[in-house]
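Engineer: Supplied in structure tokens, the structure appears directly below.
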Amino acid sequence: MAQTDHIIELRDLLFAWKAGLPSVLDMPAFTLARGKSLLIHGPSGCGKSTLLNLFAGVLVPSSGSLRVLGRDLPQLKSAERDALRADQIGFLFQQFNLVPYLSLIDNVTLPCRFSAARRKRALSAGNSLDEVAGRLLTDLGLETDHNRPITALSVGQQQRVAAARALIGGPALVIADEPTSALDPHLRDNFVEQLFASSRAAGSTVILVSHDPELGRHFDEVMDLRDLNRAEEHP
Numbered sequence: 002m003a004q005t006d007h008i009i010e011l012r013d014l015l016f017a018w019k020a021g022l023p024s025v026l027d028m029p030a031f032t033l034a035r036g037k038s039l040l041i042h043g044p045s046g047c048g049k050s051t052l053l054n055l056f057a058g059v060l061v062p063s064s065g066s067l068r069v070l071g072r073d074l075p076q077l078k079s080a081e082r083d084a085l086r087a088d089q090i091g092f093l094f095q096q097f098n099l100v101p102y103l104s105l106i107d108n109v110t111l112p113c114r115f116s117a118a119r120r121k122r123a124l125s126a127g128n129s130l131d132e133v134a135g136r137l138l139t140d141l142g143l144e145t146d147h148n149r150p151i152t153a154l155s156v157g158q159q160q161r162v163a164a165a166r167a168l169i170g171g172p173a174l175v176i177a178d179e180p181t182s183a184l185d186p187h188l189r190d191n192f193v194e195q196l197f198a199s200s201r202a203a204g205s206t207v208i209l210v211s212h213d214p215e216l217g218r219h220f221d222e223v224m225d226l227r228d229l230n231r232a233e234e235h236p
């Protein structure tokens with residue numbers, strides 16, 4: 002995989018949900034350096050989650066250039082984008098998307114079932130995947146029986162399981178979509194600090210989306226999406 006100083010590079014990016022409809026994203030240029038942390042904020046409906054899904058290769062631009070991890074995403078086949086995401090991108094969903102019939106440990110190690118590269122990197126940090134997952138959970142402040150069922154956890158505890166799942170195997174890019182929306186300010190700040198500590202240890206770049214600009218003090222870079230998105234219509 003080609004290595005550049007930027008983990009994300011885009012130019013003249015347009016995205017519309019269907020041909021003939023107005024663009025919901027119209028971004029002239031943007032770059033993010035490797036190893037940086039970026040907060041993207043803005044009100045609901047301004048296109049934040051859509052942009053994250055473009056960065057993750059779930060969606061593709063209607064036109065323009067989008068390079069992530071040195072790969073030109075619009076030129077990749079769907080299976081190639083899926084493989085890149087599995088190997089190199091950890092995604093922390095707003096609703097966490099944990100598997101209720103799996104234990105904490107099994108939820109955390111799930112990405113290693115779909116990516117040999119993630120599994121190999123994870124095992125380089127410990128004797129077993131369970132050991133690495135348990136250490137990640139502890140580092141993220143989850144001091145509990147790591148074999149408990151997901152359904153027995155609070156929202157804050159589930160959030161930490163989801164973060165550990167995104168971080169296992171040291172993905173180059175960690176993307177988080179409104180992960181702190183259900184937390185009060187103290188727990189929110191504590192979680193972000195723990196997320197950064199774990200991502201720095203893994204050498205991961207972090208992009209977090211939130212409607213809350215107060216989180217900006219934790220990040221290297223802060224972007225109000227409305228300042229960069231020239232589209233008049235938003236999703």
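Mapped onto the working numbering, the consecutive letters of the sequence shown carry residue numbers 2 to 236. Yeah, the Cβ is synthetic: ideal placement off N, Cα and C, and Gly gets one too. For clarity, every value in this text was computed on a predicted model and none was experimentally measured.
Val162 and Leu138: beta carbons closer than 8 Å?
Structural biologist: yes
Engineer: My assumption, with CB atoms under 8 Å, is that Gly43 sits in contact with Lys49. Please give the rounded CB distance.
Structural biologist: 6 Å
Engineer: Please find out if some non-hydrogen atom of the ligand GDP comes closer than 7 Å to the beta-carbon of Gln76.
Structural biologist: For the structure depicted, the ligand GDP is absent and the ligand set is empty, with no information on it obtainable.
Engineer: To the nearest angstrom, report how far apart Asn206 and Gly157 are at their CA atoms.
Structural biologist: Note on residue identity: the sequence assigns Thr, not Asn, to residue 206. Approximately 23 Å between the Cα atoms of the pair.
Engineer: Output the boundary residues of the beta strand (DSSP E) element that contains Asp13.
Structural biologist: His7 to Phe16
Engineer: Among residues of its own chain, excluding the 5 on either side of Arg82, which ones have a beta-carbon nearer than 7 Å to its beta-carbon?
Structural biologist: Gly58 and Leu74
Engineer: Do you know how far the Cα of Thr145 is from the Cα of Gly65?
Structural biologist: 47 Å
Engineer: Would you tell me roughly how many angstroms separate the C-alpha atoms of Gln160 and Val133, rounded to the nearest one?
Structural biologist: Gln160 and Val133 have their C-alpha atoms spaced approximately 18 Å apart.
Engineer: Considering only the alpha carbon of each residue, which of Arg12, Thr32, Asp13 and Gly91 lies closest to Gly171?
Structural biologist: If we check each option's Cα against that of Gly171, Gly91 comes out closest.
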